[in-house]
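Below is one structure; the comments refer to it alone.
Protein chains: 2
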Amino acid sequence: MAKRAYPLGKVYRLLEPGPVLLLATAGKLRPNVMTLSWQMPMEFEPPLVGCVLGNMDYSYGLLKASRECTLNIPTAELINQVVEVGNCTGRDTDKFHDFGLTPKPAKLVSAPLVKECYASMECRIADTRMVNRYGLFILEVVHAWVDTAVKQPRTLHHLGNGVFMVAGEVVRTASRMK
Amino acid sequence: MAKRAYPLGKVYRLLEPGPVLLLATAGKLRPNVMTLSWQMPMEFEPPLVGCVLGNMDYSYGLLKASRECTLNIPTAELINQVVEVGNCTGRDTDKFHDFGLTPKPAKLVSAPLVKECYASMECRIADTRMVNRYGLFILEVVHAWVDTAVKQPRTLHHLGNGVFMVAGEVVRTASRMK
């Protein structure tokens, strides 16, 4: 799949519907990847994203140390990888290798893109003041990629306990909401 | 529809898939309601929710002053109300009245529930330290209601520009993720 640069001012549209993400970090020994659902847009442009990670997550320390990550949006055909990535730790597992995901060099950050995902955002930490209290990382998206061939991405939305909703019908309204 | 109290420890499951919400406040003259998509769970129990509101939103001031609101989850049959509520301001509009929504007394907060929504959360402000900088309100959910007759809620997920995705197929996996 061929990905193109996606306008930073539209990045909120990738996140606002609430898809499950794969967060990738450069790692010390090897790149790592985790499943993440606690995310929301926080600003249109430059695009800011709030993400909550548990302080027991291996990626929590990697993100805090490297101050960079990528947020990647998987679609329904990657559901097994999403579940497997979410059920083990990168402390003792090479998740990219073991689950058939491909780390691909990013343009502006050291963390890799996840090639199999239909969209990816390269992020740098913008604010860590709420990390210790809530695990809340405020990230700035500095570059974004989208596979423009995917018109209606069948994103995954976690309903809890390993149950996922797959994105359904799309409805256009005359709303003036951004 | 008959709503029942929903366990606080499961509230994250209502928000994690990323549905559009109707945020209701008590208001000065009358109750008010706004459309909100920038939300995420921040803690399991007691349940915390992060919400980003624009400081030009009428509800921003109402929430800051009253320190209470409700978060209500509409389903697809309410799409017109969601759009209309999102396209005007409560400064000069009685949105509940004009758009056929019913404010219903909550149990623990002064803000009303939106009766037509399939689920509602009663919230109090837990942390305002990021309000001035990011419009980020951290709310604690103190009581939750769900219409237990709705098994697969057709929630709305905003893709930007008035385009909505309606919740589709549900897939159960053997994941151990919470």
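Here the protein sequences come in this chain order: Z and W. At position 138 of the first sequence the residue is numbered 138 (this note's numbering), and the sequence of numbers has no breaks. Just add 178 to wherever you are in the second sequence, counting from 1, and you've got this note's numbering. Yeah, the Cβ is synthetic: ideal placement off N, Cα and C, and Gly gets one too. All values derive from a computational prediction rather than experimental measurement.
For D276(W), the enclosing alpha helix (DSSP H) covers residues K273 to D276. Scanning its chain for C-beta atoms nearer than 6 angstroms, with the 5 sequence neighbours on each side dropped, one finds around A119(Z) the residues L14, I73 and V146, in chain order. Under a 10 Å Cβ-count criterion, A352(W) is classified as exposed, with fewer than 16 other Cβ atoms of the shown protein chains found around its own Cβ. At a cut-off of 9 angstroms between beta carbons, W323(W) makes no contact with chain Z. L159(Z) counts as buried, since at least 16 other C-beta atoms from the protein chains shown sit within 10 angstroms of its C-beta. Along the length of the segment 226-276 of chain W, whole alpha helix (DSSP H) runs at least 4 residues long occupy 236-244, 257-264 and 273-276, reported in chain order. CA-CA distance, E68(Z) to V142(Z), rounds to 10 angstroms. Counting only Cβ-Cβ distances below 8 angstroms, L337(W) has contacts in chain Z at R13, E16, P17 and V170, in chain order.
K28(Z) carries a coil assignment under DSSP once its states are collapsed to helix, strand and coil. K356(W) sits close to F222(W), with the two beta carbons spaced by under 9 angstroms.
Annotated three-state conformation of L101(Z) is coil, per DSSP. Taking 7 angstroms as the Cβ-Cβ cut-off, the segment 128-155 of chain Z approaches chain W at M130, Y134 and L136, given in chain order.
Annotation for R13(Z): the continuous alpha helix (DSSP H) segment containing it runs Y12 to L15. In the structure shown, V348(W) adopts extended strand secondary structure according to DSSP, grouped into three states.
Note that the C-beta distance between T35(Z) and A111(Z) is not below 9 angstroms. Spatial neighbours of P209(W) in its own chain (CB-CB distance under 8 angstroms, excluding positions within 5 residues in sequence) are listed in chain order as A202, T203, F274, P281, A289 and P290. Here A167(Z) really is in contact with P153(Z); their C-beta atoms are around 7 angstroms apart, less than 8 angstroms. By the Cβ rule, the segment 122-138 of chain Z counts as touching the segment 46-54 of chain Z, because three or more pairs are nearer than 8 angstroms.
Partner residues in the beta bridge of V324(W), as assigned by DSSP, are R182(W) and A297(W).
Sequence-distant Cβ neighbours of D127(Z) in its own chain, meaning closer than 6 angstroms and more than five residues away, are I138. Contact between V33(Z) and L101(Z) holds: CB atoms are separated by about 6 angstroms, below the 8 angstroms threshold. Per DSSP, R311(W) is one residue of the alpha helix (DSSP H) stretching across V309 to Y312. Of F342(W), E347(W) and K242(W), the smallest CA-CA separation from K329(W) is found for E347(W). Using a 10 angstroms sphere on the CB of L240(W), the tally of other CB atoms reaches 16 or more, which defines it as buried. In this structure, L256(W) places its C-beta atom within 9 angstroms of the C-beta atom of E294(W). In the three-state scheme derived from DSSP, where H, G and I count as helix and E and B as strand, G9(Z) is classed as helix. Chain Z has a Cβ within less than 9 angstroms of the Cβ of G340(W). Contact check for W216(W) against E122(Z) fails: the beta carbons are separated by 9 angstroms or more. At least 9 angstroms separates the beta-carbon of A5(Z) from that of A149(Z).
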